[in-house]
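Number 324 marks the last residue of the sequence shown (the numbering used here); no jumps. Cβ atoms here follow ideal geometry from the backbone N, Cα and C, with glycine treated the same way. Following: one structure in structure tokens, then a few remarks.
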Amino acid sequence: MPILTLTGNAADEESRDDVCPNCGKTNGIRFLGSAIATQLSTVVTTLFGDRHLDDGEKKALVFTDSVQDAAHRAGFIQSRARVFNLRNAVRQAVAEETTLDDIPAAMMASAHTPSERYRLLPPDLAEREGFRAFWDTEKAASAVVRKRVQRRLAFDLALEFGLESRVGRTLEETGSLAAHVEAGPATRLEAVGRVAVEGLEVDWSLDDARDGLMDAASVVRWVRGTLERLRERGAIDHPWLNKYVENDGNRHWVWGGRPRQEGMPAFPPRTRSARFCKGGQEDKRFTRISARHGHLLAELVRTVDCSLPRRRSVGGREARSTALRDTRPRRDRDVETDHRR
């Protein structure tokens, strides 16, 4: 990689003006900074991930001037290394189109040595009694241990392709793998979508062939977009989230009351957690499909040529406005009103 520098008698002055040595543009240089721990984890992971590097040479020596910094950076690098090891294992296990449910078993089947099995587990779980038998033996682990590891890997995959799919160098963001929601044929999606949008008004004119109904392609497009949005917000089914969903997103079931003995990570307050979709009013915990000012209906209004039903009081009762609107120019309507007066 060539290194370009400023030379000549005007090099000092051009350096002060941030002149780009490549194109010569003044103020054309921007400095991008990053935390030391982030840079270290990226460098170490990239070097250690080289398949041509011998396992005996995969050692790192990091210097720091503080005991606290040393402890923090060691833990941070270890944590980040596990994330990249997990992504490498997922990429190697996926040879063709598959489902999230099938990937954990393929990952475990591809881990033949204790070192390869160890890298599948988070650092805080690898030494626990309930997980250590998975890697610290030459014999096959028991069915109970393997099931416990498989459930944790399934949850990690749900985060990788769901809640955390747009954060950092994920498999999707780097283009290594692509995920989508398999929800069945378009006819099924249309049927589900029409039930969800029942009562919405469509802007149309008298010569419109739709007759006030949303076309099938628009409904299917909205349903697919809604499913992908829910996936990216973490709404992927997993046994550890059952009570969390049943209790309308009560943080207790993913924090203090989570099954920590099974290896579930914590989601303390003020951290992102999965947002599922349910009926009722919109709130900060779940996405509500029927909320008048919710995200899903707002996306429908932007995607499809429709509007939310307006309510007006008639004789003390609420009545919905008609979907048929006068499409003539406002000036013509005003003239007709003046004649009537």
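Item	Value
For residue 162, count the other beta carbons within 10 Å of its own beta carbon; 16 or more makes it buried, fewer makes it exposed. Which is it?	buried
Give the straight-line distance between the Cα atoms of residue 48 and residue 40, rounded to the nearest whole angstrom.	25 angstroms
If contacts are defined as beta-carbon pairs under 8 angstroms, then residue 2 and residue 11 qualify, I think. What distance do you get, rounded to the angstrom?	7 angstroms
Just the C-alpha distance for residue -1 and residue -12, rounded to the nearest angstrom, thanks.	13 angstroms
Exposed or buried, which one is residue 29 when buried takes at least 16 other CB atoms within 10 Å?	exposed
Taking the alpha carbon of residue 178 as the reference point, which residue from 197, 62 and 117 has its own alpha carbon closest?	197
According to the Cβ coordinates, are residue 258 and residue 269 closer than 8 angstroms?	yes
Does the beta-carbon distance from residue 117 to residue 136 come in below 8 angstroms?	no
When the Cα atoms are used, what is the spatial distance from residue 313 to residue 174?	Confidence is the limiting factor: at residue 313 the pLDDT is only 43, short of 50, which leaves the residue's position unreliable and the question unanswerable from this model.
Short of 8 angstroms in beta carbon distance, which residues of its chain neighbour residue 159, apart from the five on each side in sequence? Order them along the chain.	70 and 74
Could you give the distance in angstroms between the alpha-carbon of residue -14 and the alpha-carbon of residue 216?	42 angstroms
Between which two residues does the alpha helix (DSSP H) harbouring residue 162 extend?	Note, residue 162: premise wrong, no alpha helix (DSSP H); not H, not E.
Drop a sphere of 10 angstroms on the beta-carbon of residue 221, count the other beta-carbons inside from all chains shown, and report buried for 16 or more, exposed for fewer.	buried
Helix, strand or coil for residue -12, going by three-state DSSP, please let me know.	coil
By the 10 Å Cβ neighbour count, where 16 or more other Cβ atoms means buried, how is residue 100 classified, buried or exposed?	buried
Measure the beta-carbon distance from residue 205 to residue 176 and round it to whole angstroms, keeping in mind my assumption that it falls under 8 angstroms.	6 angstroms
Are the segment 139 to 152 and the segment 54 to 61 touching, with three or more C-beta to C-beta distances below 8 angstroms?	no
Rounding to the nearest angstrom, what Cα-Cα distance links residue 240 and residue 233 in this structure?	10 angstroms
What is the rounded straight-line gap between the Cα of residue 138 and the Cα of residue 42?	30 angstroms
Within the continuous alpha helix (DSSP H) that includes residue 139, where are the two ends?	126 to 141
Looking at residue 256 and residue 228, is the spacing between their C-beta atoms short of 8 angstroms?	no
In the DSSP assignment, find the unbroken alpha helix (DSSP H) run with residue 113 in it and report its ends.	112 to 115
Pop quiz: residue 180 and residue 214 are said to be a contact at Cβ under 8 angstroms. What is the actual Cβ separation, rounded to whole angstroms?	Not confirmed; about 20 angstroms, so no contact.
What number of angstroms, rounded off, separates the C-alpha of residue 131 from the C-alpha of residue 209?	32 angstroms
At least one CB of chain B closer than 8 angstroms to the CB of residue 146: is that the case?	Of the protein chains in the structure, only one exists, and it is not chain B.
What's the gap between the Cα of residue 231 and the Cα of residue 252?	15 angstroms
Between which two residues does the alpha helix (DSSP H) holding residue 208 run?	199 to 215
Which same chain residues end up closer than 7 angstroms to residue 123 when comparing Cβ atoms and leaving out the 5 residues on each side of it in sequence?	none
Hey, out of 166, 167 and 143, whose CA is closest to residue 156's CA?	143
Got a sec? Which residues, its chain only, sit under 7 angstroms from residue 133 by beta carbon, not counting five neighbours each side?	87, 88 and 91
Just the Cα atoms here: how many angstroms apart are residue 53 and residue 31?	20 angstroms
Can you have a look at residue 44 and say buried or exposed, based on whether 16 or more other CB atoms are within 10 angstroms of its CB?	exposed
Given that a residue counts as buried once 16 or more other Cβ atoms are within 10 Å of its Cβ, and exposed if not, what is residue -5?	exposed
Fully enclosed by the segment 2 to 63, which beta strand (DSSP E) runs are 3 residues long or longer?	none
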